[in-house]
Every structure is written in structure tokens, then in C-alpha cells.
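Asks: Counting in this note's numbering, the sequence shown runs from 809 upward without gaps.
Note that beta-carbon positions come from the ideal geometry of N, C-alpha and C, so glycine has one too.
Since we're looking at a predicted model, the values are computed, not measured.
Can you read through this structure? Questions will come right after.
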Amino acid sequence: MAKRTRTESDSIGSLQVPINAYYGVQSLRGYQNFRISGNKMNQIFINNIVLVKKAAALTNLYAKNIDEIMCNAIVTACDEVLEGKFNDDFITDAIQGGAGTTVNMNVNEVIANRATELLGGKKGEYLCHPNDHVNCSQSTNDVIPTAGKLTVIDMFLSLKQSVLTLVSSLNQKADEFKDILKMGRTQLEDAVPIRLGQEFSAYASGIKRALDLLECATEQMYSLNLGGTAIGTTINANKVYVNSVVLELSKIKNLPLKQAENLIDSTQNLDGFVFVSGGLKTLAVQLSKMCNDLRLMSSGPKTGLEEIILPAMQNGSSIMPGKVNPVIPEVVSQVAFAVIGNDVTVAMAAEAGQLELNAFEPVIFYKLFESLTCLKNAVDTLKVNCIDGIVSNKEHCENLLYNSVGIVTALCPIIGYKKSATLAKRALKENRRVKDLILEEGILDKETLEKVLDPYAMTGK
809 MAKRTRTESD SIGSLQVPIN AYYGVQSLRG YQNFRISGNK MNQIFINNIV
859 LVKKAAALTN LYAKNIDEIM CNAIVTACDE VLEGKFNDDF ITDAIQGGAG
909 TTVNMNVNEV IANRATELLG GKKGEYLCHP NDHVNCSQST NDVIPTAGKL
959 TVIDMFLSLK QSVLTLVSSL NQKADEFKDI LKMGRTQLED AVPIRLGQEF
1009 SAYASGIKRA LDLLECATEQ MYSLNLGGTA IGTTINANKV YVNSVVLELS
1059 KIKNLPLKQA ENLIDSTQNL DGFVFVSGGL KTLAVQLSKM CNDLRLMSSG
1109 PKTGLEEIIL PAMQNGSSIM PGKVNPVIPE VVSQVAFAVI GNDVTVAMAA
1159 EAGQLELNAF EPVIFYKLFE SLTCLKNAVD TLKVNCIDGI VSNKEHCENL
1209 LYNSVGIVTA LCPIIGYKKS ATLAKRALKE NRRVKDLILE EGILDKETLE
1259 KVLDPYAMTG K
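And the structure:
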């Protein structure tokens, strides 16, 4: 049995649209043209486009561009979309040509068809028109970047909370491990003593600093080109609308949004998204570096460092019984690799803009949203399935420390670098402790030696 359809037309021609669909001809055409990633547009992004449409309708009423009946129909339709009633009608691929025109029209058509029903009409009759009413005083070129910025803000706030929770867990581990002495390493070789708690404190500090840098970058997202319409010259939007629409959106989102000082600059340049992407990369690098350390410190367990024990999350091999792998740190590093790759894509797409518009926002948003999503999920699993369950191997840490030649560094101010180096070489060659050699050679008495080579004192505060 053939599906029932309705005929809709645009400037390209006519198409048969499923009769019950709230999307229209332009959405369907985009769906047919852009079967690229296999992923639909991010729903948070869709919802933010809808919020822009709601703010625009209310502002258009105030600016006397539409009447109250039309405004109420659009606003009600927007609210129903935000409730999730029409999620299946947003059909466009996350990567698409046209700077986002397809997804903008997808939203316009869904709202217009629902508003048409509220006005007493049928889908496809467009008593509320997608362009003339829902898109009134707007362009894809100010709607899409605005919604993209709002989505980055929303997703950053979610990521921020996860990262702060992780930082708190790391600080708790720093306190738990504050008295556990171990050998610090540089270039993977024995260096000087450190406390395990100090290492975890450093991880917390580094990740918090990366978060602060990302938050600084995200502040650029509060400046919008909404009201600039096609290229920032505000064509087809009257002054009342231009001066009021960002204020209306700010009230709806409950965010301190502001209109960009130069709407033309804000329309053609996407450096703010590059800044955010760089912040995400920085956070990803910090997380992955820490996870590399966790894998090293837990390596073995009998033939590696074995200084900490990570929670056993799953079998590590299909052939080697009893093997357990550091799967959580591994997945975090994989996410970091993806985020770093996404950053390259964002930079290239931002650079590729020409003259008054950048046509490559869809791929920028696709990669930014992916990075934000994956980083949040990676941080969550890292905190819950790894950090919270880490156990120290205190006895082994101290055994490695006291059998290391790294403590000889503390002797340099007393006996000099050359003599200290000679002792270190002899200790390694003869597989003996530095302390025993010093006493044997009568370089220092036992009391002085114990004071000078106190590992805890070597770790500072």
C-alpha cells in the first residue's frame, strides 16, 4: 500500500512529502541531498534554533511585523517542539551544504505546519509560512551561528559540572595519598622523591586550569550576530527588531547574551568557535596525559611499576586468563585523540570562510558538539569507574624509593655533584643502596645521613 503524500513546491520544483510529516519540501530536499554522516542534527542545537524562532516571533510582534494571533501560534508551536513532540520530523544530516539553510528551514517548516494547524489549517497549507512568518526578520546566517553558540554554552555548562566533580575526586585522592612516598621520574628515569598525593594534586590543578581556559573561551559565545540577517547589514529587519531580539532571547535563555558590536564581522568570522575548540583540545590533552600516567603507575602488575591499583572493570583478554587492562584511562585517551582531530577540522572550516559568510558551520558544530559530548562522557566514566576506586601500593612505592639512586641528588649541596654521581654509578653497578655506600666510605655519619636523605623532607611542603 502506497504511502499517502501531499505535494509541496519550492523554487527548485515539486516533491511528494509524507502527508503526516510536519517537515516540508525544503527539509525533504536537504534530506535527499545530504546523506553524509548518518547522524541527525544534535537535538540541543535544534532546540536552540527553536528558541531563536520563539524570541524572533515575540520581537516581531513588538516590532509590528506580525500580529498577535500569528505570534501566539508560532510561540505555541515552538513550545510544543521543545517538549519533544516532533523530534522525528527533524530529518536533516548533521553535515550539510548551505551554511545550515537546510536545518533552518527544517525548523521553520515544522513550526509553520504546527502553527498552521493551530490556526485551523492543514499541514502544507501554510497559513503560517515558513519564510514569511517563522523566519521573519531572520536569515540562516544569523540564526544558525546564534543557535550554535547557545548550544556550546549549554553543553559546556554540563561538561563543566562533570570536570569539577572529577577535580574534587582527584583532590580527595591527593589527601588520601598525602603521606605515601614514592620515586618521582623524569623521562621515565628515577629522579627525586615525591609523594603520591602531590601527583594527584597536580592532576587536579592541571585539569582545573584547562577548564578555566575553556570557560574563558566559552565567554565568546555570549556575543551574537542575531539581527544582522544575511551578511550583518540587517537587511529585511527593522530597527525595533534589530535592537530588541537579543534582549528577548537573553530573557528566554536566562543568559547574559549581547549583540555583537560589529554584526558584519560577527557574521563572517568564526574565530570564537576556534577558541572554544582549542580549549577543548587543551582539556583533552591534560586528561590524556594524566591517564598515561595512571596506566604507567599501574603497569604490570608484577613486571611494571605497580605503584597504584586501578579498579578492575572487565576481562582484559580473550586468550590470557586473569589479565585486566586499564580500559578507562585508555578510552579517555581515545576521546582525546578524537577531540584533537576535531580541532583540526574546526580550524580548517573556520579558515575556509569567504568574504561575507562562512559556509562551513555545520561541520564546525558537528565536531564541536561531538567533542563536548565525548569529553563529558569520558570525564564521567573516568571519575566513577577509575579515580574513585584507585588504591595505592604503599609498601611497594617505598621499597622502590629506598632502593633507588635518585635520593643521591640531596647530597649534591654537601659533597658536590661529581662525588654524588660517582656514588650513584657505584650503587647501580653493585646493586647496593646509596646509604650503605656513604656509611661504608665514611662520607657522613649515620645521624647526619638520615637527616639529609629523609625522603619526606625532599618532597617539600
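On the DSSP bridge list, what partners appear for Val-825?
Replies: Note: Val-825 sits in a beta bridge opposite Arg-814.
Asks: For Cys-936, I'd like the list of residues in its chain whose CB is within less than 7 angstroms of its CB, leaving aside the five on either flank, ordered along the chain.
Replies: The residues are Met-878, Ala-881, Ile-882, Ala-920, Ala-923, Thr-924, Leu-927, Val-942.
Asks: Got a sec? Which residues, its chain only, sit under 7 angstroms from Asp-983 by beta carbon, not counting five neighbours each side?
Replies: Same-chain partners within the cutoff: Gly-1005.
Asks: Which word fits Phe-894, buried or exposed, when buried means at least 16 other C-beta atoms lie within 10 angstroms of its C-beta?
Replies: Classification for Phe-894: buried.
Asks: In chain order, which alpha helix (DSSP H) runs of at least 4 residues are fully inside the stretch 1113 to 1176?
Replies: For the stretch 1113 to 1176, whole alpha helix (DSSP H) runs of length 4 or above, ordered along the chain, are 1135 to 1159.
Asks: Between the alpha carbons of Ile-844 and Leu-836, how many angstroms are there, rounded?
Replies: Going by the C-alpha atoms only, they are around 15 angstroms apart.
Asks: Alpha carbon to alpha carbon, how far is Leu-1019 from Asn-1185? Give it in angstroms, no decimals.
Replies: Going by the C-alpha atoms only, they are around 15 angstroms apart.
Asks: Determine the direct distance from the alpha carbon of Met-1105 to that of Asn-1201, and round the result to whole angstroms.
Replies: About 10 angstroms.
Asks: Where do the ends of the beta strand (DSSP E) carrying Thr-994 lie?
Replies: Thr-994 -> beta strand (DSSP E) spans 989 to 994.
Asks: I need the DSSP call for Gln-904, collapsed to helix, strand or coil.
Replies: Here Gln-904 sits in coil by DSSP.
Asks: From which residue to which residue does the beta strand (DSSP E) around Glu-1203 run?
Replies: Glu-1203 -> not in any beta strand (DSSP E); alpha helix (DSSP H) instead, spanning 1202 to 1210.
Asks: Can at least three beta-carbon pairs, one atom from the stretch 1090 to 1098 and one from the stretch 1007 to 1016, be found at a separation below 8 angstroms?
Replies: Yes, since at least three Cβ pairs between the stretch 1090 to 1098 and the stretch 1007 to 1016 fall closer than 8 angstroms, the two stretches touch.
Asks: Comparing alpha-carbon positions, which option in Gln-1122, Leu-866, Lys-811, Cys-1024 lies nearest Asp-887?
Replies: Nearest option by C-alpha distance: Leu-866.
Asks: By DSSP, does Ser-1031 sit in helix, in strand, or in coil?
Replies: Ser-1031 falls in the strand class under three-state DSSP.
Asks: With DSSP as the reference, label Pro-1001 as helix, strand or coil.
Replies: Pro-1001 falls in the strand class under three-state DSSP.
Asks: Quick one: give me the first and last residue of the alpha helix (DSSP H) that Pro-953 is part of.
Replies: 948 to 984 is the span of the alpha helix (DSSP H), which, as asked, contains Pro-953.
Asks: For Met-1037, I'd like the list of residues in its chain whose CB is within less than 8 angstroms of its CB, leaving aside the five on either flank, ordered along the chain.
Replies: Checking the displayed sequence, the identity of residue 1037 turns out to be Thr instead of Met. The answer, listed in chain order, is Ser-945, Gln-946, Ser-947, Asn-949, Asp-950, Ile-1043, Asn-1044, Ala-1045.
Asks: Determine, using beta-carbon pairs with one atom in the stretch 1144 to 1155 and one in the stretch 1172 to 1184, whether at least three such pairs fall under 8 angstroms.
Replies: Because the criterion of three Cβ pairs below 8 angstroms is met, the stretch 1144 to 1155 and the stretch 1172 to 1184 touch.
Asks: Measure the alpha-carbon distance for Pro-1263 versus Asp-987 and round it to whole angstroms.
Replies: Their Cα atoms are separated by approximately 11 angstroms.
Asks: Shortest alpha-carbon distance to Pro-953 belongs to which of Glu-1056, Pro-1170, Val-1053?
Replies: When each option's Cα is compared against that of Pro-953, the closest is Pro-1170.
Asks: Lys-1059 and Leu-859 look like a contact to me (Cβ under 8 angstroms); what is the Cβ gap, rounded to whole Å?
Replies: Lys-1059 to Leu-859, Cβ: 11 angstroms. No contact.
Asks: Got a sec? Which residues, its chain only, sit under 7 angstroms from Lys-811 by beta carbon, not counting five neighbours each side?
Replies: Pro-826.
Asks: Return the Cβ separation of Leu-1176 and Val-960 in integer angstroms, given the expectation that the two are a contact with Cβ distance under 8 angstroms.
Replies: Their Cβ separation, rounded to whole angstroms, is 6 angstroms, which keeps Leu-1176 and Val-960 in contact under 8 angstroms.
Asks: In the DSSP assignment, find the unbroken alpha helix (DSSP H) run with Arg-922 in it and report its ends.
Replies: First-last of the alpha helix (DSSP H) with Arg-922: 909 to 926.
Asks: If I follow the unbroken alpha helix (DSSP H) through Val-833, where does it start and stop?
Replies: 833 to 841 is the extent of the alpha helix (DSSP H) around Val-833.
Asks: Exposed or buried, Ala-1158, counting other C-beta atoms within 10 Å across all chains shown (16 or more means buried)?
Replies: Under this definition Ala-1158 is a buried residue.
Asks: Does DSSP put Val-1213 in a helix, a strand or coil?
Replies: If DSSP states are grouped into helix, strand and coil, Val-1213 belongs with coil.
Asks: Among Gly-1197, Gln-995, Glu-1178, which has the Cα closest to the Cα of Phe-985?
Replies: The shortest Cα separation from Phe-985 among Gly-1197, Gln-995, Glu-1178 belongs to Gly-1197.
Asks: Around the Cβ of Pro-1134, are there at least 16 other Cβ atoms within 10 angstroms (buried) or fewer (exposed)?
Replies: It counts as buried.
Asks: For Phe-964 and Asp-896, what's the separation of their Cα atoms in angstroms?
Replies: Looking at the two C-alpha atoms, the distance is approximately 26 angstroms.
Asks: Opposite Val-1199 in the DSSP bridges: which residues?
Replies: Partner(s): Ile-1117.
Asks: Does the distance from the CB of Asp-998 to the CB of Ser-1228 come in under 8 angstroms?
Replies: Result no, Cβ atoms of Asp-998 and Ser-1228 do not sit closer than 8 angstroms.
Asks: Do Leu-974 and Lys-1191 have their beta-carbon atoms positioned less than 8 angstroms apart in this structure?
Replies: Yes, these two residues count as a Cβ contact at 8 angstroms.
Asks: Could you pull the DSSP bridge partners for Lys-848 from this structure?
Replies: DSSP lists Asp-901 as partners of Lys-848.
Asks: As an exercise, report each continuous alpha helix (DSSP H) stretch of at least 4 residues that is fully enclosed by the stretch 1030 to 1114, in chain order.
Replies: List check, alpha helix (DSSP H) in window: 1047 to 1061, 1071 to 1076, 1079 to 1105.
Asks: Use the C-beta contact count for Gly-1130: other C-beta atoms within 10 angstroms, 16 or more gives buried, fewer gives exposed.
Replies: Exposed, by the Cβ-count rule.
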